[in-house]
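Trainee:
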Amino acid sequence: MTAPPDDCLARNEWICGEYLSTRRRIVLDAVVQHLELTAVSVLIALVVAVPLAVLARRWRWATGPVLALTTILYTIPSLAMFSLLLPVYGLSASLVVAGLVLYSLTLLVRNILAGLRAVPEETRQAARGMGYGPIRLLLTVELPLALPAAMAGLRIATVSAVSLVTIGAIVGFGGLGNLIYTGMNTYFKAQVLTASVLCVVIAVAADLLLLGVQRLLTPWERAAGAARS
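With this note's numbering as the guide, the letters of the sequence shown map in order to residues 38 to 266.
Here you go:
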């Protein structure tokens, strides 16, 4: 009988520390690309979503079109979305970013709009009575009070983007998705499992980080929770 290989890579095991030690640079580069694509996409989506939500809040006639458009974009399958954007962006990281931005808009616009609508009308009236103009009212009263709902949407959009980045592997810009894709094609177990676990770790870490930011930015929420308890 032939003796089994003496290392986990040769045996193609799912859990293999040798994979990380021999391919550390490849994994690190994939993680960095994954984080960059996620962060850029979510930030751009947030910059676009805030004005759209404010527009829908200020003018009721705009609510239907804004929500309908973002919802329709969210229902387009990812492969179809990338195919539609391909003539504009080509095979580039911008293609993946554009797709993720469009997918994130639904989650962000709906939650920001819900937060703005939840601001008590008495609070708005009181601010206007103190001489607050529309811009100052929005920046110092409405948006801060809408933060809990907006941050909830941001957390969901970020976790969703972390998972959707992997689809970018079809155009060569998928972060850890590149490793998953090539690992599945070659049945490289350690690579598939390692990249998949790292995707989950990034998603959980991003969610916890944003939760911490939310608590820092909304101290009145903690005070209200302490008072109720």
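Built from N, CA and C at the ideal position, the CB exists for glycine as well.
From the DSSP output, in three-state form, read off residue 212 for me.
Mentor: coil
Trainee: Considering only heavy atoms of the ligand PLP, does any lie closer than 7 Å to the CB of residue 209?
Mentor: Questions concerning the ligand PLP fall outside what the structure shown contains, since it holds no ligand whatsoever.
Trainee: Going by CA-CA distance only, name the one from 63, 49 and 128 that's closest to residue 226.
Mentor: Answer by Cα proximity: 49.
Trainee: Compute the distance between the beta-carbons of residue 20 and residue 196, then report whether it is under 8 Å.
Mentor: Missing from the structure shown is residue 20; the chain here goes from 38 to 266 and no further.
Trainee: Which two residues bound the contiguous alpha helix (DSSP H) that contains residue 66?
Mentor: 61–95
Trainee: Under a Cβ-count criterion, where at least 16 other Cβ atoms within 10 Å of its own Cβ denotes burial, should residue 158 be classed as buried or exposed?
Mentor: exposed
Trainee: Any contact of the stretch 196–207 with the stretch 163–177, i.e. 3+ C-beta pairs under 8 Å?
Mentor: Contact annotation: the stretch 196–207 does not touch the stretch 163–177, with fewer than three C-beta pairs closer than 8 Å.
Trainee: Find the nearest neighbour of residue 139 within the set 55, 102 and 85, judged by alpha-carbon distance.
Mentor: 85
Trainee: Do the stretch 204–217 and the stretch 126–145 touch if we need at least three Cβ pairs shorter than 8 Å?
Mentor: yes
Trainee: Measuring alpha carbon to alpha carbon, tell me which residue in 201, 145 and 154 is nearest residue 97.
Mentor: 154
Trainee: Please specify which runs of the alpha helix (DSSP H), each continuous and at least 4 residues long, are wholly inside the stretch 112–161, giving them in chain order.
Mentor: The qualifying runs are 115–126 and 130–154.
Trainee: Quick one: residues in its chain with C-beta nearer than 7 Å to the C-beta of residue 214, no 5 flanking neighbours on either side, listed in chain order?
Mentor: 202, 203, 204, 205 and 206
Trainee: I'd like the list of long-range same chain contacts for residue 193, defined as Cβ closer than 7 Å, with 5 residues on each side in sequence excluded.
Mentor: If we look at residue 193 and ignore the five residues flanking it on each side, its Cβ neighbours are 144.
Trainee: Just to confirm before moving on: does the CB-CB distance between residue 122 and residue 135 stay below 8 Å?
Mentor: yes
Trainee: Note the first and the last residue of the continuous alpha helix (DSSP H) segment covering residue 188.
Mentor: 180–201
Trainee: Please report how far the alpha carbon of residue 234 lies from the alpha carbon of residue 223, in whole angstroms.
Mentor: 18 Å
Trainee: Can you tell which of 90, 53, 230 and 114 has its C-alpha closest to the C-alpha of residue 175?
Mentor: 90
Trainee: Going by CA-CA distance only, name the one from 181, 190 and 82 that's closest to residue 161.
Mentor: 181
Trainee: Compute the Euclidean distance between the alpha carbons of residue 190 and residue 47, then round it to the nearest angstrom.
Mentor: 44 Å
Trainee: What separation, rounded to the nearest whole angstrom, lies between the Cα atoms of residue 73 and residue 126?
Mentor: Whole-angstrom Cα-Cα distance: 18 Å.
Trainee: Which of the three DSSP states, helix, strand or coil, is assigned to residue 222?
Mentor: Note: residue 222 maps to helix in three-state DSSP.
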